[in-house]
Structures are given as C-alpha cells and as structure tokens.
Amino acid sequence: MDFSEGLYAVKARAEAMQEASEAVPSGMLSVLGQRQSNFSFACLEAQEHCKSLGIENPVCQVSNYLFPDCRVISGHLEALQFLRRNSAKYHFRRTKMLPVSGGFHTCLMEPAVDPL
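Residue numbers (this note's numbering): 2 to 117.
Encoded structure:
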C-alpha cells in the first residue's frame, strides 16, 4: 500500500466509523470502581434495563482495562446513563462520560468494517 492508498483507507475508515456512531446513541464511560465492583454484572443489569425500555440487542461491555479497579465501559447511551445513576449499587467511586462520538471497541462499530 502506498501513501495515497493509506490516506484513502484512513478517510474511508473515519467516515465509516462516524456513520456507525451516528446510527445508534452510544458512548464510553470511564469507571473507577472498588475491589467489590463487578463490572460485568453491572453491564448485564444495564442491558436488562435497556431491554425493558424496548432497546433491541442492547450493548454494554467493558471495552478497556485501564488499571486495577478502573475500566472503560462502552455501549448504548441509555445503558451508560443507567450505570451512572446506579453507581453506588455497583460500588463505583466515580464515573465520567468520555468525550467521544460512539461506543467504540464494541459490536456497535461492526458496520464500519464493510467499507474497508
């Protein structure tokens, strides 16, 4: 691949990821937990909450392991908001929405694969 082909690939990927981000309200949440925090269980309950609201195939999953007791969780925006509202229940010390346009590192970005 030469330089111009590389630039085309970067442009195509960026456009495809932007499209995938706009298709579903999603995001990423940085979570500082504690020893007793169960991130996977919290994500499962957030998915169940989304299902109760009629969201089909809700996504909520750990997408990055930052350091012990700290993760980034990605998925549907409603799932992330549920985790923030219920942070005490899951023993989360702090949550912070990341300034990104989508639920990266999840299956929500799968539509971005085809154009490449």
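For glycine and all other residues, C-beta sits at the position ideal for the given N, C-alpha and C.
Between the alpha carbons of residue 80 and residue 13, how many angstroms are there, rounded? By one-based count along the sequence shown, residue 80 stands at place 79. By one-based count along the sequence shown, residue 13 stands at place 12. So the two alpha carbons sit approximately 29 Å from each other.
When the Cβ atoms of the segment 83–91 are set against those of the segment 108–115, are three or more pairs found closer than 8 Å? no
Mind reading off the beta-carbon distance from residue 29 to residue 99? Whole number of angstroms is fine, and I expect it under 8 Å. As a first step, residue 29 is located in the sequence shown; it is residue number 28 there, counting from the start. As a first step, residue 99 is located in the sequence shown; it is residue number 98 there, counting from the start. Sure, about 4 Å apart at Cβ, within 8 Å.
Quick check on residue 94: does DSSP put it in helix, strand or coil? Counting from one through the sequence shown, the residue named residue 94 turns up at place 93. Looking at residue 94 - three-state DSSP - the assignment turns out to be coil, as it is neither helix nor strand.
Could you check where the beta strand (DSSP E) with residue 62 kicks off and where it finishes? On the sequence shown, position 61 is the one that residue 62 refers to. Element bounds for residue 62: 61–68.
Cβ-Cβ distance between residue 27 and residue 109 below 7 Å: Locating residue 27 in the sequence shown gives position 26, counting from the first residue. Locating residue 109 in the sequence shown gives position 108, counting from the first residue. Against a cut-off of 7 Å, the Cβ pair of residue 109 and residue 27 comes out as a contact.
Taking its Cβ as the centre, do 16 or more other Cβ atoms sit within 10 Å of residue 69, making it buried, or is it exposed? Here residue 69 refers to the residue found at position 68 when the sequence shown is read from its first residue. So residue 69 ends up on the exposed side.
Buried or exposed by the 16-neighbour rule on C-beta atoms within 10 Å, applied to residue 91: Counted from its first residue, the sequence shown places residue 91 at position 90. When all chains shown are included, residue 91 counts as buried.
Let me know the secondary structure DSSP gives residue 72 once reduced to three states. Position 71 of the sequence shown, counted from the start, is the residue given in the question as residue 72. It is a strand residue.
Rounded to the nearest angstrom, how far is the Cβ of residue 104 from that of residue 60, given a contact under 8 Å? Numbered from its first residue, the sequence shown carries residue 104 at position 103. Numbered from its first residue, the sequence shown carries residue 60 at position 59. Their Cβ separation, rounded to whole angstroms, is 6 Å, which keeps residue 104 and residue 60 in contact under 8 Å.
Start and end residues, beta strand (DSSP E) containing residue 103: The sequence position of residue 103 within the sequence shown is 102, counting from 1. Looking at the DSSP string, residue 103 is not in any beta strand (DSSP E), and its letter there is neither H nor E.
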